[in-house]
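Per UniProt numbering, the very first residue in the sequence shown carries number 1; after that it's consecutive.
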Amino acid sequence: MLRLFSKQPVTRLSRTKLSCLNTKSFSTPARQVPVSSKKSNSLSAVKPWSELSTPQKVVAASKTTMNLGVIAAGVTLTTAIVYYITSELFSSQSPTSIFNDVVDRIRVHEELVQILGEPIKGHGEPSRNKRRRNRRIASQEVEDQNGDAHLFMRFYVEGPINQGTVALEMIKDDKNKWQYKQLYVDVPGQGLPSKRIYLERQ
Numbered sequence: 001m002l003r004l005f006s007k008q009p010v011t012r013l014s015r016t017k018l019s020c021l022n023t024k025s026f027s028t029p030a031r032q033v034p035v036s037s038k039k040s041n042s043l044s045a046v047k048p049w050s051e052l053s054t055p056q057k058v059v060a061a062s063k064t065t066m067n068l069g070v071i072a073a074g075v076t077l078t079t080a081i082v083y084y085i086t087s088e089l090f091s092s093q094s095p096t097s098i099f100n101d102v103v104d105r106i107r108v109h110e111e112l113v114q115i116l117g118e119p120i121k122g123h124g125e126p127s128r129n130k131r132r133r134n135r136r137i138a139s140q141e142v143e144d145q146n147g148d149a150h151l152f153m154r155f156y157v158e159g160p161i162n163q164g165t166v167a168l169e170m171i172k173d174d175k176n177k178w179q180y181k182q183l184y185v186d187v188p189g190q191g192l193p194s195k196r197i198y199l200e201r202q
């Protein structure tokens, strides 16, 4: 006898579902990386001091000493730099302050203003090279046979008309402050004899 089978609707799977099935059927579980070594390293790194071996204690102590030495050196260097900058900029007895004071006096000196012109600038060396001109002003401090301290300084000034060489000598008084002994500017004559103009003379 022939059996009649009822026709049942066949559902079609979309391409997306088929690809998902294929992927699931061939996928394998992710391989886990053992973390025992990482845990052991991290645990050993945070061991208390009492559990460290003698070589480990030596290494740890050396690292600590080195770090403290670097910090101490940095603090010392920073303190020295701050002290130097403060003494140079804010002390009226520093060579930088004395240089600025002399240049200000030259700028208001009537005869020098007429000879040099305005504005008048002061610099370390008679050169057109900006680096050389901006070098620190050379100064020298010496003691005489009586033990008195003398400060000698030499630099250059120039204006639109002419330029000159500044020579300075100062001596310390009983209050340990610098006092002018002599201060003058030598100006070339440009065909005429050079001229020396005194601002201080003792």
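Backbone N, C-alpha and C define an ideal beta-carbon position, used for all residues, glycine too. These numbers come from a predicted model, not from an experiment.
For residue i, the nearest candidate out of the options (CA to CA)
i, options, result
"residue 178", "97, 146 and 119", "97"
"residue 199", "193, 192, 190 and 186", "186"
"residue 163", "175, 154, 115 and 124", "115"
"residue 112", "140, 58 and 165", "165"
"residue 183", "174, 176, 170 and 64", "170"
"residue 94", "140, 124, 77 and 62", "140"
"residue 174", "157, 50, 149 and 168", "149"
"residue 155", "63, 110, 47 and 168", "168"
"residue 197", "151, 110 and 176", "110"
"residue 101", "153, 195 and 161", "153"
CB-CB length for residue i against residue j, believed under 8 Å
i, j, result
"residue 122", "residue 103", "4 Å"
"residue 159", "residue 119", "7 Å"
"residue 137", "residue 117", "Contact flag wrong, Cβ pair sits at about 22 Å."
"residue 52", "residue 60", "7 Å"
"residue 106", "residue 142", "About 25 Å; that fails the 8 Å criterion."
"residue 181", "residue 202", "5 Å"
Per-residue burial, residue i [other beta carbons within 10 Å of its own, 16 or more giving buried]
i, result
"residue 21", "Note that residue 21 has pLDDT 46, beneath the 50 cutoff, so the model's placement of it is unreliable and the number below is only indicative. Exposed is the call here."
"residue 189", "exposed"
"residue 66", "exposed"
"residue 68", "exposed"
"residue 58", "exposed"
"residue 38", "For residue 38, the predicted model reports a pLDDT of 48, less than 50, meaning its position is unreliable; a value from the coordinates is still stated below. Residue 38 is exposed by the Cβ-count criterion."
"residue 77", "exposed"
N-terminal and C-terminal residue of the beta strand (DSSP E) that residue i is part of
i, result
"residue 108", "Looking at the DSSP string, residue 108 is not in any beta strand (DSSP E), and its letter there is neither H nor E."
"residue 202", "Taken as a continuous stretch (DSSP letters only), residue 202 belongs to no beta strand (DSSP E), as it is neither H nor E."
"residue 171", "163-172"
"residue 181", "178-187"
"residue 51", "First-last for residue 51: undefined, no H or E at that position."
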